[in-house]
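Novice:
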Amino acid sequence: MAVFLSASGHSWLNKTVIVISIELAKPLKHSQIAMNRIDLNLLLTLQVLLKVKSTTLAAEELHTSQSAVSRSLVRLRDMMGDKLLVRKGQSLALTVKGEQLAQELPQLLSQLNNLVENKPFEPTQSQERITIAMNASIAEWVVPSFSQYLAEQAPGIELTIEDWDSSTPKNLAQGAIRMGLNYFPLELPKSFIQHKLGQDNFVLVCRKDHPLSQEKIITVQHVQQYDLAVHVMKDWNDAAPKAEQELLKHNIDINVKIRCSHLSIILRTLLESDLIFFSAKLAAQQLDERFISIPFSTEITQPSGDIGLFYANHYSSDSMTIWLEKSLKKVIRNYM
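Under our numbering, think of the first position of the sequence shown as 53, with each following residue one higher.
1) Just tell me which of SER197, ILE190, ALA185 and TRP193 has its CA closest to the CA of ILE213.
2) Would you be able to state if there are at least three C-beta pairs under 8 Å between the region 213-228 and the region 171-187?
3) Using a Cβ-Cβ cutoff of less than 6 Å, which residues in the same chain neighbour PRO79 once the five nearest sequence positions on both sides are dropped?
4) In whole angstroms, what separates the C-alpha of VAL383 from that of VAL195?
5) Roughly how far, in whole angstroms, is the beta-carbon of ASN365 from the beta-carbon of SER243, given that I think they are within contact range, below 8 Å?
6) Counting only the same chain and skipping the five closest in sequence on each side, list residues whose C-beta sits under 6 Å from that of THR107.
7) In whole angstroms, what separates the C-alpha of GLU341 from that of ASP261?
8) Consult DSSP for ASN234 and reduce its assignment to one of helix, strand or coil.
9) Answer yes if the region 137-155 comes into contact with the region 339-355, meaning at least three C-beta pairs across the two stretches below 8 Å, and no otherwise.
10) Express the C-alpha separation of ARG127 and SER316 in angstroms, rounding to a whole number.
11) If we count the other Cβ atoms within 10 Å of its Cβ and call it buried at 16 or more, is THR350 buried or exposed?
12) For SER368, count neighbouring Cβ atoms within 10 angstroms of its own Cβ and tell me buried if that reaches 16, exposed if not.
13) Between which two residues does the beta strand (DSSP E) carrying ALA332 extend?
14) Give a yes or no on contact between the region 201-212 and the region 245-265, applying the rule of three or more CB pairs nearer than 8 Å.
15) Tell me, to the nearest whole angstrom, how far the beta carbon of LEU280 is from that of LEU327; I am working on the premise that it is less than 8 Å.
16) Starting from THR220, trace the alpha helix (DSSP H) in both directions and tell me its first and last residue.
17) So, at 6 Å on beta carbons, what are the nonlocal neighbours of LYS286 in its own chain, with the 5 sequence-adjacent residues on each side left out?
18) Which residue spans inside the region 144-218 form an unbroken alpha helix (DSSP H) run of at least 4?
19) LEU98 lies in the alpha helix (DSSP H); which residues open and close that run?
20) I'd like the list of long-range same chain contacts for LEU95, defined as Cβ closer than 6 Å, with 5 residues on each side in sequence excluded.
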């Protein structure tokens, strides 16, 4: 039994797609029939559908009509022998098969694209939409500089910044998020790349006319005198606040007056009270003259301030990912 394959590359939404034509010399086995039904153009549509779970949003991302995406979904369901997405209330949810494909399809398409294209990433020509997840404290100082860097080096790139949360590793694996920045290291599967990019430490922040503002260094006794504001960051200190954990090691009695995920609210509260706030040093350096930051005494141990870059290892040879990593390293090391 012979199967003859011919492949050609076509440009579709700035991505190279392989169109495979199969000429059958003899009847096919079941597995070969399955391969014969695969339309790789449809798989690109499927990847977007599995990510956004909406034919309307998929149409917007693919720059086509909602009816065209709906027709593609009908063909995909027939091709896969599964509904893939099913109605759940007012939205769509993935089937078990859909979940499996959402995990594996981005890697397969990325590898296939690299095999065919193998072109260096051209930042000045790129029109990519890139999503990066960041710990909120790191984002405070990285995003402004990185956005300016992209504006100069890759003006066509559209950047989306998301909070790092419990869903981030899954979205990294699926390709919905290209890379992430968080404190290093994290307990992630071996299918992720983790690189240390720099180091930060922590300081006390208060208003400039606070009673502690003249101190050169913050001791245990200083911390015990004032109530605390805590900046809650998803999947970092929401379950177990890092600063409180360290202070408890010193048997320090602390009184947390406010916990909030919005840094702007915490800062406004500091201006109107004697509350103190523990902040990453590099984030504190971005505050205006109304605030002052003071280092901690060495008697107070601090949580790790190593800054790490994270992405799925199937992007390790991807030219755009390599460029993004080098660019983030350059921006971050300007602060070190």
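The C-beta atom is built at its ideal place from N, Cα and C for all residues, glycine as well.
Since the structure is predicted, the reported quantities are computational estimates derived from the model, not experimental observations.
Specialist: Per the coordinate set shown:
1) Taking the sequence shown and counting its residues from 1, one reaches residue 213 at position 161. Considering only alpha carbons, the answer is ALA185.
2) Segments in contact, yes.
3) By one-based count along the sequence shown, residue 79 stands at place 27. Here the model assigns PRO79 a pLDDT of 45, short of 50, so the residue's position is not dependable and the matter cannot be decided.
4) Looking up residue 383 in the sequence shown gives position 331. Looking up residue 195 in the sequence shown gives position 143. Taking the straight line joining both Cα atoms gives about 10 Å.
5) If you number the sequence shown from 1, residue 365 lands on position 313. If you number the sequence shown from 1, residue 243 lands on position 191. Sure, about 6 Å apart at Cβ, within 8 Å.
6) As a working note, residue 107 is residue 55 in the sequence shown. Leaving aside the five residues that flank THR107 on each side, the residues in its chain whose CB is nearer than 6 Å to its CB run, in chain order, GLN118, VAL121 and SER122.
7) Locating residue 341 in the sequence shown gives position 289, where the first residue counts as 1. Locating residue 261 in the sequence shown gives position 209, where the first residue counts as 1. If you take the alpha carbons of GLU341 and ASP261, they lie about 11 Å apart.
8) Along the sequence shown, one-based indexing puts residue 234 at 182. Under the three-state reduction of DSSP, ASN234 is assigned to strand.
9) Touching, no.
10) Translated into the one-based positions of the sequence shown, residue 316 becomes position 264. Translated into the one-based positions of the sequence shown, residue 127 becomes position 75. Taking the straight line joining both Cα atoms gives about 49 Å.
11) If you number the sequence shown from 1, residue 350 lands on position 298. Taking all protein chains shown into account, THR350 has fewer than 16 neighbouring C-beta atoms within 10 Å of its C-beta and is therefore exposed.
12) As a position in the sequence shown, residue 368 is number 316, starting the count at 1. Exposed: under 16 other Cβ atoms inside 10 Å.
13) Within the sequence shown, numbered from 1, the residue matching residue 332 stands at position 280. If you look at ALA332, you'll find it in the beta strand (DSSP E) that goes 328-332.
14) Touching, no.
15) For this step, residue 280 is matched to residue 228 along the sequence shown. For this step, residue 327 is matched to residue 275 along the sequence shown. Contact holds; Cβ gap of about 7 Å.
16) Here residue 220 corresponds to residue number 168 of the sequence shown, with the count starting at 1. Segment 220-226, the alpha helix (DSSP H) holding THR220.
17) Reading the sequence shown from its first residue, position 234 is the one you call residue 286. ASP215 and ASP217, listed in sequence order.
18) Segments of the alpha helix (DSSP H) lying fully in the region 144-218: 148-168 and 188-205.
19) Taking the first residue of the sequence shown as 1, we reach residue 98 at position 46. Start and end: 92-104.
20) One-based indexing of the sequence shown puts residue 95 at position 43. Only residues of its own chain outside the window of five on either side were considered, and among them none has a CB closer than 6 Å to the CB of LEU95.
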